[in-house]
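Notes to accompany the following structure.
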Amino acid sequence: MKSTRLLAAAVCLALMSAWSLTASAQDNQRRNKKYVATRPITVDPQTGTLRLPTPQETEALVDSLIEMTNRSTEDLQLTTLANGTKAVNIDGRFQSVMLARPGDDGMWELRCVTTFDEATEFLGIVEDKTQQ
Amino acid sequence: MITKTSVSTRTMRVLCAALLVFGFVTTASRPAFAAATIIVVNNDGPGEGFNDPTPAAPVGGNSGTTKGAQRLIAFQRAADIWGATLDSPVTIVVRAAFDPLGPNVLGSAGPTLVFSDFPGLGPGFYPGAEFPATWYGSALADKLAGVDLAELEGAGPGFRDINARFSSDFNFYLGLDNNHGALNDLVTVVLHELGHGLNFLTFVSPTTGQNLAGQTDIFARHLVDDSSGLHWNEMTDAERLASTTHFSHLFWDGANVTADVPQVLQLGNPEVRVLAPAAIAGLYQFGTAAFGPRIGNPNVFAFVVAAQDDANAAGPATTDGCSAFTNAAAVAGKIALVERGTCGFAVKARNATNAGASAVIIYNNTANVNAAPPGMADDGINGPFVTIPAASMTRADGLAILGQPTVSATVGVDPTVRAGATPTDRARLYAPFPVSLGSSVSHYDTVAFKNLLMEPAINPDLTHRLKAPDDLTLELLRDLGWFADADLDGIADEADCSVHSNFAPTIVIDGENTGVANILFSNGCTTADLIAQLHGAASNHGQFVSDVSHLTNVLKDAGVLSNNDKSAIQTAAAHGN
Numbered sequence: 001m002k003s004t005r006l007l008a009a010a011v012c013l014a015l016m017s018a019w020s021l022t023a024s025a026q027d028n029q030r031r032n033k034k035y036v037a038t039r040p041i042t043v044d045p046q047t048g049t050l051r052l053p054t055p056q057e058t059e060a061l062v063d064s065l066i067e068m069t070n071r072s073t074e075d076l077q078l079t080t081l082a083n084g085t086k087a088v089n090i091d092g093r094f095q096s097v098m099l100a101r102p103g104d105d106g107m108w109e110l111r112c113v114t115t116f117d118e119a120t121e122f123l124g125i126v127e128d129k130t131q132q
Numbered sequence: 133m134i135t136k137t138s139v140s141t142r143t144m145r146v147l148c149a150a151l152l153v154f155g156f157v158t159t160a161s162r163p164a165f166a167a168a169t170i171i172v173v174n175n176d177g178p179g180e181g182f183n184d185p186t187p188a189a190p191v192g193g194n195s196g197t198t199k200g201a202q203r204l205i206a207f208q209r210a211a212d213i214w215g216a217t218l219d220s221p222v223t224i225v226v227r228a229a230f231d232p233l234g235p236n237v238l239g240s241a242g243p244t245l246v247f248s249d250f251p252g253l254g255p256g257f258y259p260g261a262e263f264p265a266t267w268y269g270s271a272l273a274d275k276l277a278g279v280d281l282a283e284l285e286g287a288g289p290g291f292r293d294i295n296a297r298f299s300s301d302f303n304f305y306l307g308l309d310n311n312h313g314a315l316n317d318l319v320t321v322v323l324h325e326l327g328h329g330l331n332f333l334t335f336v337s338p339t340t341g342q343n344l345a346g347q348t349d350i351f352a353r354h355l356v357d358d359s360s361g362l363h364w365n366e367m368t369d370a371e372r373l374a375s376t377t378h379f380s381h382l383f384w385d386g387a388n389v390t391a392d393v394p395q396v397l398q399l400g401n402p403e404v405r406v407l408a409p410a411a412i413a414g415l416y417q418f419g420t421a422a423f424g425p426r427i428g429n430p431n432v433f434a435f436v437v438a439a440q441d442d443a444n445a446a447g448p449a450t451t452d453g454c455s456a457f458t459n460a461a462a463v464a465g466k467i468a469l470v471e472r473g474t475c476g477f478a479v480k481a482r483n484a485t486n487a488g489a490s491a492v493i494i495y496n497n498t499a500n501v502n503a504a505p506p507g508m509a510d511d512g513i514n515g516p517f518v519t520i521p522a523a524s525m526t527r528a529d530g531l532a533i534l535g536q537p538t539v540s541a542t543v544g545v546d547p548t549v550r551a552g553a554t555p556t557d558r559a560r561l562y563a564p565f566p567v568s569l570g571s572s573v574s575h576y577d578t579v580a581f582k583n584l585l586m587e588p589a590i591n592p593d594l595t596h597r598l599k600a601p602d603d604l605t606l607e608l609l610r611d612l613g614w615f616a617d618a619d620l621d622g623i624a625d626e627a628d629c630s631v632h633s634n635f636a637p638t639i640v641i642d643g644e645n646t647g648v649a650n651i652l653f654s655n656g657c658t659t660a661d662l663i664a665q666l667h668g669a670a671s672n673h674g675q676f677v678s679d680v681s682h683l684t685n686v687l688k689d690a691g692v693l694s695n696n697d698k699s700a701i702q703t704a705a706a707h708g709n
């Protein structure tokens, strides 16, 4: 579309200003903590039965949840284009995460969460204070 | 019957509509019908995810012959359903992958960029951002701007609008027919997550209440807390944070959702209410069960009695209700109160049924001390034997009831209020109250019924349909700015002079190409549309020629047509039948 190209050309000529955003280092704090699973959410590949995830599996799960529920604004760049448009690249953050856990009756229960706390609460993962 | 007078009136109305808002652009080729094109970019490497070569038998209309192919076909089906539902002139790019996320993480999705203060193409075409200083997700912003903003921002053409990752460890149902049985339907899960990617979410921090980069977002502008009457964009951070867990007080004020709530949500808002003693009387947060009759069938008004059973192999506590109740005589006709844990919800509810209880409330155990009341799944074994309504409750609320010598309560419905709505038919958002920080407001309330795609839980009875009378997802996106635009001219259908405009590059009358450029006016009609409308309204050929003459004279006087253009159109009109 001609008008699109004109707009693009105008904006491409624009000087872009950047503004660094700030946020907490909460994710790093979480990575430094130990977590433990309190409910059997893992299907054992050998036996097919439910069991608690191993410490290694729990750590991998926590790392995954930290990454996927990242809502930090740290290091995000706010860019202002010449036409007044503001933009922030949040790629990989502010995700909604669908989780699954076996219910008390063995059926999978699904829940969409947006925060680490929701995720760990749903999956029964708690901070292991004996390891601190 | 069309009279000469009425034709003249119509003619002038059309002309005025076209010329009072006299922005125009030349037309370009456009699709013949509305849609948004959603491209799924396979971000997996060889041999994994979408490229997993493991042979697979066709299932549920999915003709893929490998697991990877079936995943891609099912994913694309969800994207196509969204594409057929929304309208956008800008291709929506979804970068997707299947990764080994572990069996408990099914997937995630979200926008990759947010924009604010973007202009439209104007005047009249594509409105741009409705509100200043307000974030919009990339795909929605593109639709409102009429251009690919990511490209303008320097990200390059075709930059992804939505990032999505799903689990290659989870056993999804990969059929396209929603006949998933006990498995979880990938198409439904992808529909849900893409819904978030299309802006069914707020960017407000659920742990601090802060806006993203100091600006509100378009979702938050429609969130209202009925205890204060304030929209989220009108609140302080602290007020927003409090509202995040303000159970049953957060609702959506968008006009499209509100208009369709009566079509979708059924009358009979379920509630658990303690009637006495006064110290703990009031509405309580609760979760619902997938087994037994729905709350309200029937309404139960009764005393609450804590169930007792033997501590045995079925359940180690005398409060867990995992075996036959030992105080069945006391429970009969009452609301049984049972502690969660060890055995399934349906087992407890079946034992309560067997004891003659009129309803059962299952409160969280210590392992779920800070959790919101859960949704209670059916095990398919005990669930069919449950004939009484069941609800779940937080541990704190359960202990509060246990702490009173006598408690009367109701487990029922308010027949005047729709399930998941306010008394004024506003859809509620999910704002549970766990003790721990964090809860989601980017979903409809879990008590909504019919069940909705954008509740936090994926219920097994969901369809693949996104709008009324089956669902309210499209309506919410409409409120955000995903306006219907069947001909993709950037003008909402409700304000469009022609919903299905003729975008031929030149004006053709009865097969005769005039060679005159076909202009799109800012009221949504092209010159060809106007001429077609005159043709349809004219009572005879002479009237049509006369009306076209009027139209072209006005357009010529306005500088839209040259003398030659005018003559060419008038000549073609005269030649036609």
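If you read the protein sequences in the order shown, they are chains A and B.
Sequential numbering of the first sequence, starting at 1, is according to our numbering.
Sequential numbering of the second sequence, starting at 133, is according to our numbering.
Beta carbons are placed, not taken as given, at the ideal position from N, Cα and C, and that holds for glycine.
All values reported here derive from a predicted model rather than from experimental measurement.
Quick one: is residue 52 (chain A) near chain B, going by C-beta distance under 9 Å?
Taking CB atoms only, residue 52 (chain A) has no neighbour in chain B less than 9 Å away.
Once the 5 residues before and after residue 386 (chain B) are set aside, which same chain residues still bring their CB inside 6 Å of it?
Only residues of its own chain outside the window of five on either side were considered, and among them 354, 611 have a CB closer than 6 Å to the CB of residue 386 (chain B), listed in chain order.
Let me check you understand the geometry: is the CB of residue 366 (chain B) closer than 8 Å to at least one non-hydrogen atom of the ligand MN?
The ligand MN is not part of the structure shown, which contains no ligands of any sort.
Between the beta-carbon of residue 231 (chain B) and the beta-carbon of residue 299 (chain B), is there less than 9 Å?
Yes; because the gap between Cβ atoms is below 9 Å, this pair is in contact.
Just to confirm before moving on: does the CB-CB distance between residue 97 (chain A) and residue 240 (chain B) stay below 9 Å?
Between residue 97 (chain A) and residue 240 (chain B), the gap from beta carbon to beta carbon is short of 9 Å.
For residue 246 (chain B), which residues of its own chain have a beta-carbon under 8 Å away from its beta-carbon, when the five flanking residues on both sides are left out?
Within the same chain, Cβ atoms closer than 8 Å to the Cβ of residue 246 (chain B) are found at 267, 268, 269, 270, 273, 335, 344, 349, the five residues on either side in sequence being excluded.
Would you kindly work out how many angstroms separate the C-alpha atoms of residue 489 (chain B) and residue 456 (chain B), rounded to a whole number?
Near 12 Å, if we compare the C-alpha coordinates of residue 456 (chain B) and residue 489 (chain B).
Can you name the residues of chain B whose CB is closer than 9 Å to the CB of residue 70 (chain A)?
By Cβ distance, chain B contributes nothing, its closest Cβ being about 10 Å from residue 70 (chain A), past 9 Å.
8 Å CB neighbourhood of residue 650 (chain B) in its chain, flanking five on each side removed
So the list reads 158, 159, 634, 635, 636, 637, 638, 639, 658, 659, 660, once near-sequence residues are dropped.
Pull up the CB-CB distance for residue 237 (chain B) and residue 68 (chain A), whole angstroms please, since I reckon it's below 8 Å.
Contact between residue 237 (chain B) and residue 68 (chain A) holds, since their C-beta atoms are separated by about 7 Å, short of 8 Å.
Checking contacts by CB at 9 Å: is residue 140 (chain B) closer than that to chain A?
Confidence in residue 140 (chain B) is poor, its pLDDT being 42 and thus under 50, which makes the residue's placement too unreliable to answer from.
Can you tell me which of the three DSSP states residue 209 (chain B) falls into?
Three-state result, residue 209 (chain B): helix.
Between the region 400–416 of chain B and the region 529–548 of chain B, do at least 3 Cβ pairs fall closer than 8 Å?
They touch, by the three-pair rule.
Hey, could you find the ends of the beta strand (DSSP E) residue 587 (chain B) is sitting in?
Note, residue 587 (chain B): premise wrong, no beta strand (DSSP E); not H, not E.
According to DSSP, is residue 463 (chain B) helix, strand or coil?
In the structure shown, the three-state DSSP call for residue 463 (chain B) is helix.
In this structure, what does DSSP give as the bridge partners for residue 632 (chain B)?
Its beta-bridge partners do not exist; DSSP assigns none.
Residue 226 (chain B) versus residue 291 (chain B): straight-line alpha-carbon distance, rounded:
A direct Cα-to-Cα measurement between residue 226 (chain B) and residue 291 (chain B) gives close to 9 Å.
When the Cα atoms are used, what is the spatial distance from residue 691 (chain B) to residue 684 (chain B)?
Taking the straight line from one Cα to the other gives about 10 Å.
Using a Cβ-Cβ distance under 9 Å, would residue 84 (chain A) count as near chain B?
So, interface residue.
Residue 444 (chain B) bridges to which residues according to DSSP?
B:447, per the DSSP bridge assignment.
In the DSSP output, what is residue 363 (chain B) paired with across the bridge?
Answer by DSSP bridge pairing, in chain order: B:356.
In whole angstroms, what separates the C-alpha of residue 111 (chain A) from that of residue 515 (chain B)?
Approximately 21 Å between the Cα atoms of the pair.
Using C-beta distances below 6 Å, list every residue in its chain close to residue 687 (chain B), excluding the 5 sequence neighbours before and after it, in chain order.
Short of 6 Å from the beta carbon of residue 687 (chain B), and not among the five residues preceding or following it, lie these beta carbons of its own chain, in chain order: 693.
Taking only three categories from DSSP, how would you classify residue 700 (chain B)?
DSSP, read as helix, strand or coil, puts residue 700 (chain B) in helix.
Answer with buried or exposed for residue 414 (chain B), where buried requires no fewer than 16 other C-beta atoms within 10 angstroms of its C-beta.
It is exposed - the Cβ of residue 414 (chain B) has fewer than 16 other Cβ atoms within 10 Å.
What separation, rounded to the nearest whole angstrom, lies between the Cα atoms of residue 677 (chain B) and residue 213 (chain B)?
Going by the C-alpha atoms only, they are around 44 Å apart.
Among B:222, B:288, B:668, which has the Cα closest to the Cα of residue 617 (chain B)?
Of B:222, B:288, B:668, the residue nearest in Cα terms is B:222.
Could you check which residue in A:47, A:49, A:92, A:33 has the C-alpha nearest to that of residue 62 (chain A)?
Out of A:47, A:49, A:92, A:33, A:33 has the C-alpha closest to the C-alpha of residue 62 (chain A).
CA nearest to the CA of residue 534 (chain B), picked from B:509, B:552, B:494:
When only C-alpha atoms are compared, the closest one is B:494.
Is residue 188 (chain B) closer than 9 Å to residue 201 (chain B) when the C-beta atoms are compared?
The Cβ atoms of residue 201 (chain B) and residue 188 (chain B) lie closer than 9 Å to each other.
Ranges of the alpha helix (DSSP H) found wholly within the region 269–337 of chain B, counting only runs of at least 4:
Runs of the alpha helix (DSSP H) inside the region 269–337 of chain B: 270–277, 281–285, 318–329.
Taking 8 Å as the threshold, find out whether the region 371–381 of chain B comes into contact with the region 590–598 of chain B through three or more Cβ pairs.
No: fewer than three Cβ pairs fall under 8 Å.
Could you say which of B:622, B:627, B:707 lies nearest to residue 220 (chain B) if we only look at CA atoms?
The shortest C-alpha separation from residue 220 (chain B) is found at B:622.
Measure the alpha-carbon distance for residue 527 (chain B) versus residue 120 (chain A) and round it to whole angstroms.
When the Cα atoms are used, residue 527 (chain B) and residue 120 (chain A) turn out to be separated by approximately 18 Å.
Do we get a CB-CB distance below 9 Å when we pair residue 56 (chain A) with the residues of chain B?
No, residue 56 (chain A) does not count as interfacial toward chain B.
Amino acids of chain B, ordered along the chain, whose beta-carbon sits closer than 7 Å to that of residue 113 (chain A)
Under the 7 Å cutoff, chain B gives 572.
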